Amino acid sequence: MGTQAYVEFYYNDEGLLVSCARMDEDVEYLSPHDTRRLLRLVDKYEYDSVNLRHNSIKLKNDESEIVLSDLRNFMKSGEISLLPNTLPKIKKEIADYNRRIAANKKHQNIQLGRRRVIAGSAALLTVFMLAVGAHHFGKDVALDEPSTVVVTNEPKYEPNISIEEFVADAENNAIESEPVTPVAPVVKNPVYIDFSFTNDLEKKNHAYDNFHDIVYEEATRYGISPNLIMAMLTQETGGYLDNLMQIQFYSWEDMHLRIYNFETNSYDHFVLTDNPANYAGTEYTTISRRQLLDPRTNIKIACAIFRITAENMDYHILASLQCYNFGVNNMGEVLNLTASETHKTVEEILADQSDASFIDYTSVIDSGDKNYIKNVLSYIDSNGEALTLKHLNEDGEIVTEEVTVYAKNQVKTLD
Amino acid sequence: MLDIFDFISDNKKYTYIDTIQYNDKNYVAYMDDDNVYISEYTMDKDGFILDDISDELYEILIREMKL
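Protein chains in written order, with this note's numbering: chain A, -19 to 395; chain Y, 4 to 70.
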């Protein structure tokens, strides 16, 4: 990634804002007190890019990458107001994000009458406060000027200490309150894979800007973390081709695709077919070759196919990912070889979400993409990103599988 | 849409888009499943109040907010 400091702000189990700073191979966890001080320091820097991703904000410049995780809690707590210098850029990013969604809606001045916004929308109050606070700093907007970026009149404050120096000296800075034992984020099933983050930001942003909303809705509906499907879509086509997820119609033709819908708590049924009349009166929604090219349908069917591969891979997330590309039979061959070479059973490998040893044995298959997992992961947003997959256990209860993926060459093992 | 930008008014859910200050008044753009709305907003101790605007002002602010 070319960054020197990577800092993530997040909320611990007690609801306190804490942080984790990674610089080269060193990792430091800061207390809530030092975290708030670091947040104020972070606000003093200029950022080349501000990106809204799922439930987080990412700020980047040449020397650092700052992630505000759990944006919902940031806004609910009001702690985002600790970033008055950066707030206008965050507000613009939020506006741009929502503006893209609004582009396809009607624009009619429907009169709704005087009404109140419920004060319980704590996050929204913070969003409105962003506007009030930003306008307090800014100048009035005239018709002939860009209107939604507020320019601060306050002088820029140059930080006199780097993030590295602050973190190294953090304990000495904690003089105003009792130090609180820092709590590391709960990381489930960490796995370290030898991959690199993509430099093709144009492709990544194109896919995200055009299809993130659909991916978010469909993936969430079918119990797959949206970041995984988004990374797969980016790898498959970058959103530049009609068949977004590169689904092979003939491979799945007339096969019954049954997928659990976690919103309706029932199963959806699909079938790709050239003969829809064969399914008249059945519970199956038929999908033609042409319909498969519709973005939402394509992503929906991709989710269905991913879930079917996951059922065959005992819901091992990374194995399911490779299986999506290889197919069940080929992936079975890979797993059998892996089991033989590592002296484990296939069941043992698939029972451990952090066991990705099969990646070393994908070359046994001649077709498909042997590096599919690494290629997809190159498009995830941040190091230490969690991928999740829900399914029903034997008792009909919802179980969430999770794996946390790290790029092996970017971070020291977190023990 | 991310639900962190949602709010409730008159028992209906809307999603915040952006705000703008124009002629010393504050306006907010928001949307539901079908339409984009713009209202003047004011704050009191209990939260926010939204008021309708004229069609002419709506068109001006739609343009200014690049909606």
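Just so it is clear, CB atoms sit at the ideal spot from N, CA and C, and this is done for glycine as well.
As the structure is a prediction and not an experimental result, all values here were calculated from the model.
Residue i - containing beta strand (DSSP E), residue span
i         : result
I52(Y)    : G50 to D54
S36(A)    : S36 to K40
E45(A)    : S44 to L48
R95(A)    : R95 to V97
L372(A)   : E365 to L372
F54(A)    : Unbroken run through F54(A) is the alpha helix (DSSP H), L51 to S57; no beta strand (DSSP E).
M225(A)   : Neither: M225(A) is in no beta strand (DSSP E) and is coded neither H nor E.
N29(Y)    : K28 to M34
E(-12)(A) : A(-15) to Y(-9)
K15(Y)    : K15 to Y25
V171(A)   : P170 to I173
E26(A)    : Segment: none, E26(A) is in no beta strand (DSSP E) and carries neither H nor E.
Residue range of the alpha helix (DSSP H) that includes residue i
i        : result
T200(A)  : L181 to R201
T15(A)   : P12 to V22
N78(A)   : L67 to A82
Y61(Y)   : D58 to E67
M235(A)  : Element bounds for M235(A): n/a, residue is neither H nor E.
V383(A)  : Unbroken run through V383(A) is the beta strand (DSSP E), I378 to A387; no alpha helix (DSSP H).
E(-6)(A) : From DSSP, E(-6)(A) is part of no alpha helix (DSSP H); its letter is neither H nor E.
V39(Y)   : That residue, V39(Y), is in no alpha helix (DSSP H); its beta strand (DSSP E) goes V39 to D47.
I288(A)  : P275 to N292
Neighbour-count burial assignment, residue i, 16 or more Cβ in a 10 Å radius
i        : result
L181(A)  : exposed
D335(A)  : buried
Q215(A)  : buried
M235(A)  : exposed
T45(Y)   : exposed
A366(A)  : buried
S320(A)  : exposed
R287(A)  : buried
T22(Y)   : buried
S57(Y)   : exposed
L353(A)  : It should be noted that the sequence gives Ile, not Leu, for residue 353(A). The residue is buried, with at least 16 neighbouring Cβ atoms inside 10 Å.
I378(A)  : exposed
T289(A)  : buried
R16(A)   : buried
L372(A)  : exposed
A282(A)  : buried
V(-2)(A) : buried
H323(A)  : exposed
G93(A)   : exposed
Y61(Y)   : buried
D189(A)  : exposed
F306(A)  : buried
E145(A)  : exposed
CA-to-CA distance, residue j to residue i, given in whole angstroms
i       : j         : result
E291(A) : N179(A)   : 33 Å
M212(A) : L301(A)   : 9 Å
P275(A) : S57(A)    : 37 Å
F51(Y)  : A83(A)    : 25 Å
N309(A) : F242(A)   : 28 Å
P363(A) : E(-12)(A) : Checking the sequence shown, residue 363(A) turns out to be Asn, not Pro. Taking the straight line joining both Cα atoms gives about 10 Å.
D222(A) : L273(A)   : 5 Å
T200(A) : E381(A)   : 14 Å
H116(A) : S12(Y)    : With a pLDDT of 35 at H116(A), under the threshold of 50, the predicted position of this residue should be treated as unreliable, though the coordinate-derived value follows. Taking the straight line joining both Cα atoms gives about 26 Å.
D193(A) : D28(A)    : 24 Å
Y304(A) : K72(A)    : 37 Å
D42(A)  : Q88(A)    : 43 Å
Y386(A) : K370(A)   : 21 Å
A299(A) : R96(A)    : 50 Å
Y359(A) : S176(A)   : 9 Å
A260(A) : M293(A)   : 32 Å
V314(A) : I227(A)   : 22 Å
Distance between beta carbons of residue j and residue i, contact taken as under 8 Å
i       : j       : result
L208(A) : F229(A) : In fact, because the Cβ distance is near 23 Å, the residues do not count as touching under 8 Å.
Y40(Y)  : Y33(Y)  : 5 Å
N31(A)  : K38(A)  : 5 Å
Y220(A) : P206(A) : About 20 Å; that fails the 8 Å criterion.
I339(A) : I173(A) : 7 Å
Which whole runs of the alpha helix (DSSP H) in the segment 302 to 357 of chain A are 4 residues long or more, in chain order? Qualifying alpha helix (DSSP H) stretches, in chain order: 308 to 322, 326 to 331 and 352 to 357.
In chain order, each alpha helix (DSSP H) run of at least 4 residues that lies wholly inside the segment 237 to 270 of chain A: Complete alpha helix (DSSP H) runs here, min 4: none at all.
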